[in-house]
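Residue numbering for the sequence shown follows UniProt numbering, beginning at 1 and increasing consecutively. For glycine and all other residues, C-beta sits at the position ideal for the given N, C-alpha and C. Being a predicted model, the structure only gives us computed values, none of them experimental. To start, the structure under review is shown below, and the notes come after it.
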Amino acid sequence: MDRRHLQYYVALAEELHFGRAALRLGIATPTLSVQIQQIERRLGTPLFDRSRREVTLTSAGAIFLAEARNVLRQFEQAEAVGRRAGRGEIGRIEIGYVGSAVHAGALQEQLQRFRSASPDVELKVGEWPMADLPDLLLDGRIDVVFCRLPIEVPDALGSHILIEDQFCVALPASHALAHAGVPVQPALLANEAFIMPEQPAGTLEVARRGGFVPDIRSRPGHLVAVLAQVSVGDGAVAIVPSVLQRTLLLPGVVYLPIAGPVIASTIAALYREQETSPAVRRLIEQVRRTPSRRIDMLPLS
Numbered sequence: 001m002d003r004r005h006l007q008y009y010v011a012l013a014e015e016l017h018f019g020r021a022a023l024r025l026g027i028a029t030p031t032l033s034v035q036i037q038q039i040e041r042r043l044g045t046p047l048f049d050r051s052r053r054e055v056t057l058t059s060a061g062a063i064f065l066a067e068a069r070n071v072l073r074q075f076e077q078a079e080a081v082g083r084r085a086g087r088g089e090i091g092r093i094e095i096g097y098v099g100s101a102v103h104a105g106a107l108q109e110q111l112q113r114f115r116s117a118s119p120d121v122e123l124k125v126g127e128w129p130m131a132d133l134p135d136l137l138l139d140g141r142i143d144v145v146f147c148r149l150p151i152e153v154p155d156a157l158g159s160h161i162l163i164e165d166q167f168c169v170a171l172p173a174s175h176a177l178a179h180a181g182v183p184v185q186p187a188l189l190a191n192e193a194f195i196m197p198e199q200p201a202g203t204l205e206v207a208r209r210g211g212f213v214p215d216i217r218s219r220p221g222h223l224v225a226v227l228a229q230v231s232v233g234d235g236a237v238a239i240v241p242s243v244l245q246r247t248l249l250l251p252g253v254v255y256l257p258i259a260g261p262v263i264a265s266t267i268a269a270l271y272r273e274q275e276t277s278p279a280v281r282r283l284i285e286q287v288r289r290t291p292s293r294r295i296d297m298l299p300l301s
């Protein structure tokens, strides 16, 4: 017995007339009669009392009608869920991010937009060490990543830049350079101790331009922890994204630009190029339609 048999049965049970039910179903009356007989043989009981003048439900037929309607509703619900899943309107997405994506607002903006457009898709969001994110994405443990470039991106992954930022110097307020009011020349940092953030690219480029090997005092990872160490005033400095100038103001920390060409630091979304999940593809399409925005350093006071 399949869905078609149940549809035939419900139509006849509602019309209680073979001709009208057949017309409603778009089939011949003899065909409907044969199908009903097949159902009754399968169940081993008559579902209708038939006479020349009328068709009525038996007691078994009335009970079976309620169950048949329930099964048909479940069929319809399953079809609707399947269609919505195929359109990416329901499902689950695992999202990984690094802390600086939150400071710049890139993560929040994308998730708010997606939740508004696809409220029935479950979003599970977690912070991960930046170096782990590409492998987690390739392994399928995470579906979309929000990270700070530069980072090695395997060929199987695509990327889209959301934020164009730059590195700057975070200095203790007591530092001799902190209130000079001019961009810091990299060479002037040659004798400094550095607090290394999770993204080392800015520190390494400053050292390269200044012609020195950086003295790394510690590697706390999180930007809040990096700036907390700068703020205690023991002389260590850090090369950090300039967005922190707007979002992470700690007592005793001064931000200054780096002299010379901008050392770029961008926030990007990473994703699998051959993504199969419709829900994940919807998020990827949204990300790729988003134009990148630029963050400039605030003017020196």
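- DSSP places glycine 210 inside the alpha helix (DSSP H), whose first and last residues are 201-210.
- The shortest CA-to-CA distance from arginine 52 to any of Ala22, Glu76, Arg73, Phe18 is the one to Phe18.
- In this structure, the alpha-carbon of valine 184 lies about 11 Å from that of alanine 170.
- Note on geometry: alpha-carbon atoms of leucine 244 and glycine 91 lie some 34 Å from one another.
- Secondary structure of alanine 117 (DSSP, three-state): helix.
- Counting along the chain, the unbroken beta strand (DSSP E) around isoleucine 163 starts and ends at 157-172.
- Looking at the DSSP output, phenylalanine 146 sits in a beta bridge with Tyr97, Ala269.
- Of the other Cβ atoms in all chains shown, 16 or more fall within 10 Å of the Cβ of glutamate 205; this residue is therefore buried.
- At a Cβ-Cβ threshold of 8 Å, phenylalanine 167 and valine 226 do not count as neighbours.
- The beta carbon of glutamine 286 sits closer than 8 Å to the beta carbons of Gln110, Arg113, Phe114, Ala117 from its chain, once the five residues preceding and following it are set aside; these are given in chain order.
- Under a 10 Å Cβ-count criterion, alanine 21 is classified as buried, with 16 or more other Cβ atoms of the shown protein chains found around its own Cβ.
- In the three-state reduction of the DSSP assignment, glutamate 127 falls in the strand class, which pools E and B.
- Burial check for methionine 1: the Cβ neighbour count within 10 Å stays below 16, so the residue is exposed.
- Beta-bridge annotation (DSSP): tyrosine 255 is paired with Ala170.
- The continuous alpha helix (DSSP H) containing threonine 247 extends over residues 244-247.
- Per DSSP, arginine 20 lies in no beta strand (DSSP E) segment; the continuous alpha helix (DSSP H) that holds it begins and ends at 18-25.
- With respect to glutamate 67, methionine 130 sits apart: the two C-beta atoms are not nearer than 8 Å.
- Fewer than three beta-carbon pairs drawn from the region 69-83 and the region 259-269 are found closer than 8 Å, and the two stretches are therefore not classed as touching.
- Residue state for alanine 236 is assigned as coil, using DSSP reduced to three classes.
- Annotated as distal: valine 254 and alanine 201, with beta-carbon spacing of 8 Å or more.
- Looking at the DSSP output, glutamate 122 shares a beta bridge with Arg92.
- Look at alanine 178 here: in three-state DSSP terms it is coil, with no helix or strand label.
- Following the DSSP letters along the chain, one finds alanine 28 in no alpha helix (DSSP H), marked with neither H nor E.
- Approximately 31 Å separates the beta-carbon atoms of proline 134 and leucine 250; this is outside 8 Å, ruling out the contact.
- With respect to alanine 268, leucine 162 sits close: the two C-beta atoms are nearer than 8 Å.
- One Cα belongs to alanine 62, the other to leucine 32, and the distance between them is close to 19 Å.
- The beta-bridge partner set that DSSP reports for aspartate 49 consists of Thr56.
- Rounded to whole angstroms, the gap between the alpha carbons of phenylalanine 48 and serine 59 is 9 Å.
- Per DSSP, serine 292 lies in no alpha helix (DSSP H) and is assigned neither H nor E.
- Taking all protein chains in view, the Cβ of glutamate 14 is surrounded by fewer than 16 other Cβ atoms within 10 Å, so the residue is classified as exposed.
- Relative to glutamate 122, the option among Leu283, Leu72, Arg289, Ser292 whose CA is nearest is Leu283.
- By the neighbour-count criterion, in which a residue is buried when 16 or more other Cβ atoms sit within 10 angstroms of its Cβ, leucine 43 is exposed.
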